[in-house]
Amino acid sequence: MAGGEEPVGPADAAAVPRFAGIGTFARLPTVAEAPRWDIAVVGIPFDGGTSYRPGARFGPAAVRQGSRLLRPYNPAQDALPFALAQVVDAGDVACTPFSTDEAVGQIEAAADALLAGGGRLVAIGGDHTVALPLLRATARRHGPLALVHFDAHLDTWDTYFGQRFTHGTPFRRAWEEGLLRRDQSVHVGLRGPLYSDRDLTDDTGMGFAQVTTEDVDTLGVAAVVERVLARTAGAPVYVSVDIDVLDPAHAPGTGTPEAGGLTSRELLSLLRGLEPANVVGADVVEVSPAYDHAEVTAIAAAHVLYDLVTLMARRPVD
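Numbering (our numbering), first residue to last: 296 to 613.
Written as structure tokens, this is what we have:
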């Protein structure tokens with residue numbers, strides 16, 4: 296950890312039971328409880344850009360609840376992430392639920408303010424609209440980014456019902472705004488019906504590579520990781536995870552589920568394989584707890600966040 300201070304870690308489960316206490320992510324300290332921080336987990340409870348099932352505004356609270364069983368040592372990455380870096384829960388961004396345009400500006404301003412402290416953000420959505428303001432703030436600090444996007448859907452459509460800011464359009468806007476490095480971004484986990492084959496050709500024309508769930512099944516996790524690392528080599532990387540990249544069997548609590556998705560084990564393995572990458576920001580979005588049962592989706596999202604935080608903690612920013 297930079298600065299030399301001993302990090303303030305999660306609440307001691309031997310002293311305070313995991314079901315007790317304030318529900319921060321992984322029972323981490325809040326911003327106010329740490330003298331400084333390297334990685335902040337921040338909730339963005341906005342779902343005004345959804346096109347089907349709403350409810351992702353309740354995602355941050357659900358994922359925090361689903362994270363209570365996380366422990367300090369991550370054996371899959373052989374790391375104590377909360378000892379390697381000061382990780383905090385920065386609470387939720389306060390944004391309007393009534394105007395998508397206004398909310399995007401509020402989220403961007405809040406991310407800018409947090410990043411002014413010099414750390415990195417891992418956001419809990421909210422719907423995928425929130426990725427655009429997060430990319431703006433992150434690119435302002437690190438320059439154009441290589442996007443590694445885990446999702447059933449492309450999210451590079453132009454508009455929905457005439458609206459430019461929705462959960463299906465953030466990466467077209469990011470491409471138009473020059474936030475992404477051409478030919479260094481990739482979608483992983485694509486599947487399901489499209490409006491036409493032009494959706495794919497338009498996406499390719501914007502410089503995105505496409506990896507389907509069938510590719511993951513046929514090639515295997517290791518080969519897909521190798522392809523992703525080769526594509527993003529030398530770039531600051533932003534990782535965006537729509538929880539619907541998982542099959543509905545593993546993540547029923549989401550707004551636009553598609554059959555034939557990744558298993559939670561495959562997704563976690565893909566994320567852990569990104570360890571050589573220079574990950575400068577991340578989000579996990581589209582957890583809609585009203586459609587969840589037994590916290591299946593929230594727990595999966597919490598583990599995804601835990602592995603993303605571990606990736607960042609193990610490697611300082613280049």
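We put the beta carbon where it would ideally sit given N, CA and C, even for glycine.
Worksheet entry | Nearest residue (CA-CA) to A572, options V443, L449, T451 and R366 | For the residues V443, L449, T451 and R366, the minimum Cα distance to A572 belongs to V443.
Item to complete: May I ask which residues mark the beginning and end of the beta strand (DSSP E) holding D578?
Response: Residues N573 to V580.
Item to complete: Determine the extent of the beta strand (DSSP E) in which P531 is found, giving its start and end residues.
Response: Going by DSSP, P531 is part of the beta strand (DSSP E) stretching over P531 to D537.
Worksheet item: In angstroms, rounded to a whole number, what distance separates the CA positions of Y490 and L430?
Response: Note on geometry: alpha-carbon atoms of Y490 and L430 lie some 26 Å from one another.
Worksheet item: When burial is assigned at 16 or more other CB atoms within 10 Å of the CB, is Y368 buried or exposed?
Response: Exposed.
Worksheet item: Which two residues bound the contiguous alpha helix (DSSP H) that contains S564?
Response: Start and end: S559 to R567.
Worksheet item: Where R359 and Y347 are concerned, what is the direct C-alpha to C-alpha distance, given to the nearest angstrom?
Response: The alpha-carbon atoms of R359 and Y347 are separated by roughly 24 Å.
Item to complete: Return helix, strand or coil for T507, following the three-state DSSP convention.
Response: Strand.
Worksheet item: Considering only residues of the stretch 408-493, which uninterrupted alpha helix (DSSP H) runs meet the minimum length of 4 residues and lie entirely inside it, listed in chain order?
Response: Here the runs fully enclosed are 426-437 and 465-471.
Worksheet item: Under the rule that 16 or more other beta-carbon atoms within 10 Å means buried, what is G529, buried or exposed?
Response: Its Cβ having fewer than 16 others within 10 Å, G529 is exposed.
Worksheet item: For F460, which residues from the same chain have a beta carbon less than 8 Å from its beta carbon, with the 5 sequence-adjacent residues on both sides left out?
Response: So the qualifying residues of the chain are G344, T395, D396, V399, T424, L427 and R468.
Worksheet item: Buried or exposed: which applies to D453, given that a residue is buried once 16 or more other Cβ atoms fall within 10 Å of its Cβ?
Response: Here D453 is exposed: its Cβ has fewer than 16 other Cβ atoms, across all protein chains shown, within 10 Å.
Worksheet item: Considering only C-alpha positions, which residue in the set G438, L416, V388 and V481 is nearest to H448?
Response: Comparing Cα positions, the closest option is V481.
Practice prompt. Taking S362 as the reference, give the member of V612, P611 and V604 with the closest Cα.
Written response: The residue with the shortest Cα to Cα distance from S362 is V604.
Worksheet entry | Exposure label - G556; buried when at least 16 CB within 10 Å | Its Cβ being crowded by 16 or more others within 10 Å, G556 is buried.
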